[in-house]
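There are 2 protein chains.
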Amino acid sequence: MLKEMDIGETLKDAGRRPTPQRVMILSAIRGSGGHVTAEEILRKVRKEYTFIDIATIYRTLQLFKRLGLVSEIDLKQGSTRYEIAEKEKHHHLVCSGCGKSFYLDHKRFIEPLRLALLNDFGFEADLEHFAVSGLCSQCRASGKTSSNDSKGGR
Amino acid sequence: MLKEMDIGETLKDAGRRPTPQRVMILSAIRGSGGHVTAEEILRKVRKEYTFIDIATIYRTLQLFKRLGLVSEIDLKQGSTRYEIAEKEKHHHLVCSGCGKSFYLDHKRFIEPLRLALLNDFGFEADLEHFAVSGLCSQCRASGKTSSNDSKGGR
DNA sequence: ATAGTTGCAAAGTGTTTGCGCTGAG
DNA sequence: CTCAGCGCAAACACTTTGCAACTAT
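From first to last, the protein sequence lines are chains G and X.
For the first sequence, the positions run 1 to 154 when this note's numbering is used.
For the second sequence, the positions run 155 to 308 when this note's numbering is used.
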C-alpha cells in the first residue's frame, strides 16, 4: 500500500519535483482501480485542474515509468494503458466482449512458458507485462462471439 | 506451397479482382521470408512499379486479411507486420537484440496456457497470433542486455 | 453501365517535441 | 540565477478515408 507520500520521496530522490500535476496524475491512476489510458487520465485530472495538457500527462507517464512508479500495458486497444507498478509480476486477461480485464498471475501461468522458451531455445523471454485477449466466462455464457475486430471500438 | 495462381482464385471467388498491384503485394510478402511492414512492402513493390501508393498497400492488406491470405502480427515495433497465413498456428519470438524473429509452435508452447486459462478462469483466450519479445541465444551469448526501450528506434 | 480498384491528398489517432514562460531551489 | 517543468502548438509515425479517374466485365 503505497501512500501519496511516496511520490514526493521518489521524485526528490531522482532530483525531480513533486509538482501538483504529477501528484494529480498519480492519484488519477491510483483512483482508477486498474489500467488507464493517457486520455482517461487527462479527463480525470481536468476535473480538478482544467489547464492540464495531454503532453504533461505523457511526459509524466514516461517519468513515472522510468522511476518504476507505473507500468505500461498494451492491451491492443488503440492506446497504451498504465497502472500502478506492483512488486508482484502479473499480466492481464482482457475480455473482448465486455472490455473488462482480469489479473493473471505470473508464476503460475507465465513462468512455465518462460522456462520452456529458455530451455528449448535459449530464448530469454521478456514477459514483463502483457495482455491476453479473449472472452471471459460471463461473456461466453451470454453467447458473445469473439467479435474482436480490433480498431474502431470505444 | 501456395502458388501465384491461388490469389486469382481466392480473389475471384470473393468477387474481387486479381490486379497487378495485389499480385505484386502478395509476392512481396512471400518473397520476404517472414513478416513485413506495410512500408517494407511498399518499398519492395515500388522497385517494380513506381506508382504504387501506401494506401493501396494498406487496403490490400486488409483485404488479404479478410480473405485469410495473410495474417497480422504486432511485434510492438512501431508498425504492424504481415505474413503469409499458414494453416498451422504459430507465434513468434522476437529478439530485441538483433531484431530477428523465430517460429514458436502453438501446440507445444501456447496451447497449454490456453487450456489453463480455460480451466481455471473459463476464459477463452484468443491466442491467434502473438509475439514474445526477448533475447535470442546468440544475443545473450554476445552479452547484449535487453535494451528494449521500445519507441524511438528505426 | 456498373461495380471494383487505384493514386493522391487529406484526415485521423496516439504520442512526442520545440519553445518560451514560470517558479522552485 | 538556473534549470526543471509547464502549457501550447506543431510535428510525428502509422493508418484510414474521400474522391475522381480508370478498368475490367
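Using N, Cα and C, we set each Cβ at its ideal position, and we do this for glycine too.
(1) CA-CA distance, F102 of chain G and L223 of chain X?
(2) Please name the residue, chosen from X:S296, X:L289, X:E265 and X:R213, that lies closest to E282 of chain X on a Cα-to-Cα basis.
(3) Three or more C-beta pairs under 8 angstroms: does that hold for the region 286 to 295 of chain X against the region 242 to 258 of chain X?
(4) Does DSSP classify C293 of chain X as helix, strand or coil?
(5) Strictly below 8 angstroms CB to CB, what residues from chain X border R140 of chain G?
(6) Residues in the region 178 to 190 of chain X with C-beta within 8 angstroms of chain G's C-beta atoms, listed in sequence order?
(7) Return the CA-CA distance between A14 of chain G and R43 of chain G, expressed in angstroms with no decimal places.
(8) Is R81 of chain G helix, strand or coil by DSSP?
(9) Please classify I54 of chain G as buried or exposed, where buried requires at least 16 neighbouring CB atoms within 10 angstroms.
(10) Decide yes or no for the touch test of the region 73 to 89 of chain G against the region 236 to 244 of chain X: beta carbon pairs closer than 8 angstroms, at least 3 of them.
(11) Determine the direct distance from the alpha carbon of L118 of chain G to that of F64 of chain G, and round the result to whole angstroms.
(12) DSSP beta-bridge partners for D105 of chain G?
(13) Along the beta strand (DSSP E) that carries E72 of chain G, what are the first and last residues, could you check?
(14) Any idea what DSSP makes of E282 of chain X, helix, strand or coil?
(15) Give me the subset of the region 70 to 86 of chain G whose CB atoms are less than 9 angstroms from a CB atom of chain X, sorted by chain position.
(16) Please classify G251 of chain X as buried or exposed, where buried requires at least 16 neighbouring CB atoms within 10 angstroms.
(17) For the candidate residues G:I29, G:H35, G:T56 and G:A38, whose alpha-carbon lies nearest to that of T19 of chain G?
(18) Quick one, which of G:M24, G:S71 and G:K12 has its alpha-carbon nearest E88 of chain G's?
(19) Going by beta-carbon coordinates alone, are I25 of chain G and I41 of chain G separated by less than 7 angstroms?
(20) With a threshold of 6 angstroms on Cβ separation, who are the neighbours of R22 of chain G within its own chain once the five nearest residues in sequence on each side are excluded?
(21) Quick one: Cα of S79 of chain G to Cα of G99 of chain G, how far?
(22) Kindly indicate if chain X contains any beta-carbon less than 7 angstroms away from that of C98 of chain G.
(23) Can you pull the chain X residues whose beta carbon is under 9 angstroms from the beta carbon of F109 of chain G, in chain order?
(24) Can you tell me whether T188 of chain G is buried or exposed, with buried defined as 16 or more other CB within 10 angstroms of its CB?
(25) Please confirm if L221 of chain X has its CB atom under 7 angstroms from at least one CB of chain G.
(26) For a cutoff of 7 angstroms on Cβ pairs, would you count V248 of chain X as touching chain G?
(27) Pick out whichever of X:H260, X:G185, X:K166 and X:R200 has its Cα sitting closest to the Cα of L221 of chain X.
(28) Strictly under 7 angstroms for the Cβ-Cβ distance: is L289 of chain X near chain G by that measure?
(29) Please tell me whether V286 of chain X has its Cβ less than 7 angstroms away from any Cβ of chain G.
(30) Pull up the distance between the alpha-carbon of S186 of chain X and that of R200 of chain X, whole angstroms please.
(31) To the nearest whole angstrom, what separates the beta carbons of G262 of chain X and A279 of chain X, a pair I think is in contact under 8 angstroms?
Well, looking at it:
(1) The residue given as residue 102 of chain G occupies position 102 in the first sequence. The residue given as residue 223 of chain X occupies position 69 in the second sequence. Rounded to the nearest angstrom, the two C-alpha atoms are 33 angstroms apart.
(2) Counted from its first residue, the second sequence places residue 282 of chain X at position 128. Residue X:E265 is the option with its Cα nearest to E282 of chain X.
(3) yes
(4) Taking the first residue of the second sequence as 1, we reach residue 293 of chain X at position 139. Of the three classes helix, strand and coil, the one that applies to C293 of chain X here is helix, per DSSP.
(5) Working through the first sequence from its first residue, we reach residue 140 of chain G at position 140. G276 and E278, listed in chain order.
(6) none
(7) For the purposes of this step, residue 14 of chain G is identified with residue 14 of the first sequence, where counting begins at 1. For the purposes of this step, residue 43 of chain G is identified with residue 43 of the first sequence, where counting begins at 1. Cα to Cα, the separation comes out at about 28 angstroms.
(8) As a first step, residue 81 of chain G is located in the first sequence; it is residue number 81 there, counting from the start. In the structure shown, R81 of chain G sits in a strand (DSSP, three-state: E or B).
(9) Working through the first sequence from its first residue, we reach residue 54 of chain G at position 54. I54 of chain G comes out exposed.
(10) no
(11) As a position in the first sequence, residue 64 of chain G is number 64, starting the count at 1. As a position in the first sequence, residue 118 of chain G is number 118, starting the count at 1. Rounded to the nearest angstrom, the two C-alpha atoms are 30 angstroms apart.
(12) Within the first sequence, residue 105 of chain G is the residue found at index 105, counting from 1. D105 of chain G is bridged to G:H90.
(13) As a working note, residue 72 of chain G is residue 72 in the first sequence. First-last of the beta strand (DSSP E) with E72 of chain G: V70 to I73.
(14) Counted from its first residue, the second sequence places residue 282 of chain X at position 128. Residue state, collapsed to three classes: coil.
(15) E72, D74 and K76
(16) Taking the second sequence and counting its residues from 1, one reaches residue 251 of chain X at position 97. With 16 or more other Cβ atoms within 10 Å, it is buried.
(17) In the first sequence, the residue the question calls residue 19 of chain G occupies position 19. Considering only alpha carbons, the answer is G:T56.
(18) To locate residue 88 of chain G, count along the first sequence from 1; it is residue 88. Closest by alpha carbon: G:S71.
(19) Along the first sequence, one-based indexing puts residue 25 of chain G at 25. Along the first sequence, one-based indexing puts residue 41 of chain G at 41. Yes. Within cutoff.
(20) Within the first sequence, numbered from 1, the residue matching residue 22 of chain G stands at position 22. T60, listed in sequence order.
(21) Locating residue 79 of chain G in the first sequence gives position 79, counting from the first residue. Locating residue 99 of chain G in the first sequence gives position 99, counting from the first residue. Approximately 14 angstroms, taken between the alpha carbons.
(22) Translated into the one-based positions of the first sequence, residue 98 of chain G becomes position 98. No, C98 of chain G does not count as interfacial toward chain X.
(23) Translated into the one-based positions of the first sequence, residue 109 of chain G becomes position 109. L267, A270, L271 and D274, listed in chain order.
(24) As shown, chain G starts at 1 and ends at 154. That puts residue 188 of chain G outside it, with no answer to give.
(25) In the second sequence, residue 221 of chain X corresponds to position 67, counting from 1. Output row for L221 of chain X: interface = no.
(26) Against the second sequence, residue 248 of chain X aligns to sequence position 94. Answer no: the Cβ-Cβ gap between V248 of chain X and chain G never drops below 7 angstroms.
(27) As a first step, residue 221 of chain X must be located in the second sequence, where it is residue number 67. It is X:K166.
(28) Numbered from its first residue, the second sequence carries residue 289 of chain X at position 135. Yes - at least one Cβ of chain G is within 7 angstroms of the one on L289 of chain X.
(29) Along the second sequence, read from residue 1 onward, the residue named residue 286 of chain X stands at position 132. It does; some Cβ of chain G falls within 7 angstroms.
(30) Taking the first residue of the second sequence as 1, we reach residue 186 of chain X at position 32. Taking the first residue of the second sequence as 1, we reach residue 200 of chain X at position 46. Roughly 14 angstroms between the two C-alpha positions.
(31) The count along the second sequence starts at 1 and reaches residue 262 of chain X at position 108. The count along the second sequence starts at 1 and reaches residue 279 of chain X at position 125. For the record, residue 262 of chain X in the displayed sequence is Arg; it is not Gly. With a Cβ gap of about 16 angstroms, R262 of chain X and A279 of chain X do not count as contacting.
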